[in-house]
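Student: Here it is, the structure, as structure tokens.
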Amino acid sequence: MILHFDKISNDKIEKYLDENYGLKIDSKIMIDAFQGSIGKAISLKEKQEDYKKIEEIIYSLEKRDIVDILNMSEILYKSKDEITNMLDYMNIVFINLARTSSKYAKCIEVVEETKKRLKSNANYDMSIDNMIFKLAVQTK
2 MILHFDKISN
12 DKIEKYLDEN
22 YGLKIDSKIM
32 IDAFQGSIGK
42 AISLKEKQED
52 YKKIEEIIYS
62 LEKRDIVDIL
72 NMSEILYKSK
82 DEITNMLDYM
92 NIVFINLART
102 SSKYAKCIEV
112 VEETKKRLKS
122 NANYDMSIDN
132 MIFKLAVQTK
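In our numbering, the protein residues as written are 2 to 141.
What follows is the structure, given as structure tokens:
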């Protein structure tokens, strides 16, 4: 039997994390990534700094040159075991940005293409390089 539960409000999740873990989540996007799940909130809380770095990379795509972006992207290269979650988080950020500019919609496709390549055992570093270059071009 499958039991479906309603999503927990973002306010309640924030309150729970604060009361039980003393953790404040600064990013509204990160809270949205929890998708109303305390379990996801608990698992993502440990990676909060990594996800902040992901957001920083994305927000820098328009403003910085490609060399700076590649240097900032070290977290993606080091997170081979967590890359699917990080790419999913990138898409959540891009979905939020796509509400303000349609150029970010194409970025979602780029990230999904990278996920497919990685699942088909493409070279990890080259796949991440390719994604970063395409994202940089797409957002300029």
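Think of the CB as a built atom: it goes at the ideal place given N, C-alpha and C, for glycine as much as any other residue.
Tell me whether Met132 is buried or exposed, calling it buried when 16 or more other Cβ atoms sit within 10 Å of its Cβ.
Tutor: Met132 is buried by the Cβ-count criterion.
Student: From what residue to what residue does the alpha helix (DSSP H) around Lys79 run?
Tutor: Here the alpha helix (DSSP H) through Lys79 covers 75-79.
Student: In the DSSP assignment, the alpha helix (DSSP H) including Asn11 goes from what residue to what residue?
Tutor: Element bounds for Asn11: 11-22.
Student: Can you tell me the Cα-Cα spacing of Thr115 and Ser80, whole angstroms?
Tutor: Distance between the alpha carbons of Thr115 and Ser80 is about 14 Å.
Student: Applying the 10 Å Cβ sphere with the 16-neighbour rule, what's the burial state of Phe6?
Tutor: Counting Cβ neighbours within 10 Å, Phe6 comes out exposed, since fewer than 16 surround it.
Student: Just the C-alpha distance for Gly40 and Glu15, rounded to the nearest angstrom, thanks.
Tutor: Distance between the alpha carbons of Gly40 and Glu15 is about 13 Å.
Student: Using 8 Å for Cβ pairs, my map puts Leu1 next to Leu71. What's the rounded Cβ distance?
Tutor: Since the displayed the chain opens at 2 and closes at 141, residue 1 lies outside it and no answer follows.
Student: So, is Ser128 buried or exposed, given that buried needs 16 or more other C-beta atoms within 10 angstroms?
Tutor: So Ser128 ends up on the buried side.
Student: Roughly how many angstroms lie between the CA atoms of Tyr22 and Ile76, to the nearest whole one?
Tutor: So the alpha carbons of these two residues sit roughly 25 Å apart.
Student: Out of Asp66, Ser121, Lys120, state which residue places its alpha-carbon closest to the alpha-carbon of Val138.
Tutor: Measuring from the Cα of Val138, the nearest candidate turns out to be Asp66.
Student: Out of Tyr78, Val68, Arg100, state which residue places its alpha-carbon closest to the alpha-carbon of Ile55.
Tutor: Out of Tyr78, Val68, Arg100, Tyr78 has the C-alpha closest to the C-alpha of Ile55.
Student: Going by Cα to Cα distance, which pick from Asp82, Ile59, Gln36, Ala99 is closest to Met73?
Tutor: Closest option to Met73, Cα to Cα, is Ile59.
Student: Hey, Tyr52 and Tyr90: beta-carbon distance below 8 Å or not?
Tutor: Yes. Within cutoff.
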